[in-house]
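Reading through the structure tokens given below for one structure.
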Amino acid sequence: IYIDPCLTDVVALKWPDPARGPTRAIETPLLPSDVTNASVVICSHEHIDHTDCFTLAGIAIASPNARFIATGWAQPELDLANIDQSRRIIPQLGQTIDLGVAKLNVVAAAHYQREHDPVKGERWLSLHLDWGTVNFFHGGDTIIHPGYMDAIRQLPPVDIAMLACNGRDAIRDNNDLVGNLLPSEAAWLAQTLGWDTVIAGHNDLFAGNRLPAEEVFGGMRRIAPRLRVHDLQPGEMYLYLR
């Protein structure tokens, strides 16, 4: 199962002019063509660092049986990736999708606000994956919004989560870089909901949209000093046992 894979320098590929946007700050740990084992690819929203059409196109060829789960808002990017309609699933709130090895439920996220379209559905999604013995939560891009924590509580208790905790500020807002949870908010969310471990995410791909590591982990420790927090590195294999 691959979530929000971004394995190309998608901004540079779409807009070669460097003034149009940032380039990758880290090397990709593998190429889209290397992903030969995908059964499911999930995209939390249509922003191109989460729904990278070049990555999706490569995975679709390398993993011909993979299904692609993405919002109605992200369908144009799947069109660009030449993903056949028969391989697509648009997730809905309240719907459990059986992935074979796990069950997927989605929660409405807010980047910065929750957005719903009567045709395209929810724009921003958080993802809950239930393996039966371990439950994983991927926040996507979000802040804590009214009803968010209550919606998460309706699902099986989360063991481990990946949260976008690169924060937000007026400077980035002015540059059209929409931020996410503050590290302190991510820690409070995890602590309040009783989660065991948090992987700090969304803080390394683009140099201009990140916080220094000491701010991320210091901010989380200040709120929840006993919370397990992991700093995942590109290409690292991380095994979680419960």
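My numbering applies: residue 231 is where the sequence shown begins, and numbers increase by one.
We put the beta carbon where it would ideally sit given N, CA and C, even for glycine.
Since we're looking at a predicted model, the values are computed, not measured.
Using only the alpha-carbon positions, how far apart do residue i and residue j sit?
i: residue 385; j: residue 323; result: 12 Å
i: residue 358; j: residue 472; result: 17 Å
i: residue 443; j: residue 344; result: 28 Å
i: residue 363; j: residue 236; result: 28 Å
i: residue 290; j: residue 452; result: 43 Å
i: residue 456; j: residue 433; result: 22 Å
i: residue 367; j: residue 381; result: 12 Å
i: residue 399; j: residue 255; result: 20 Å
i: residue 284; j: residue 231; result: 18 Å
i: residue 365; j: residue 460; result: 17 Å
i: residue 463; j: residue 262; result: 18 Å
i: residue 313; j: residue 286; result: 8 Å
i: residue 325; j: residue 318; result: 15 Å
When we look at the beta-carbon of residue i and count the other beta-carbons within 10 Å, is it buried (16 or more) or exposed?
i: residue 531; result: The question about residue 531 has no answer, for the chain in this structure spans 231 to 472.
i: residue 392; result: buried
i: residue 247; result: exposed
i: residue 321; result: buried
i: residue 241; result: buried
i: residue 267; result: exposed
i: residue 410; result: buried
i: residue 466; result: exposed
i: residue 454; result: buried
i: residue 390; result: buried
i: residue 373; result: buried
i: residue 401; result: exposed
i: residue 450; result: buried
For residue i, which beta-bridge partners are listed by DSSP?
i: residue 459; result: 428
i: residue 295; result: According to DSSP, which records beta bridges pairwise, residue 295 is partnered with nothing at all.
i: residue 333; result: 328 and 360
i: residue 447; result: DSSP output for residue 447 lists no bridge partner at all.
i: residue 368; result: 357 and 392
i: residue 270; result: 297
Looking only at C-alpha atoms, which of the options sits nearest to residue i?
i: residue 274; options: 409, 317, 300 and 257; result: 300
i: residue 430; options: 369, 282 and 290; result: 369
i: residue 330; options: 360, 459 and 428; result: 360
i: residue 252; options: 262, 264, 238 and 260; result: 238
i: residue 338; options: 449, 355 and 319; result: 355
i: residue 416; options: 435, 394 and 437; result: 394
i: residue 279; options: 317, 436 and 420; result: 436
i: residue 333; options: 270, 422, 296 and 315; result: 270
Cβ of residue i less than 8 Å from any chain B Cβ?
i: residue 232; result: In the displayed structure, chain B is absent; only one protein chain is listed.
If you run the structure through DSSP and keep just helix, strand and coil, what is residue i?
i: residue 318; result: strand
i: residue 232; result: strand
i: residue 352; result: strand
i: residue 467; result: coil
i: residue 312; result: coil
i: residue 347; result: strand
i: residue 283; result: helix
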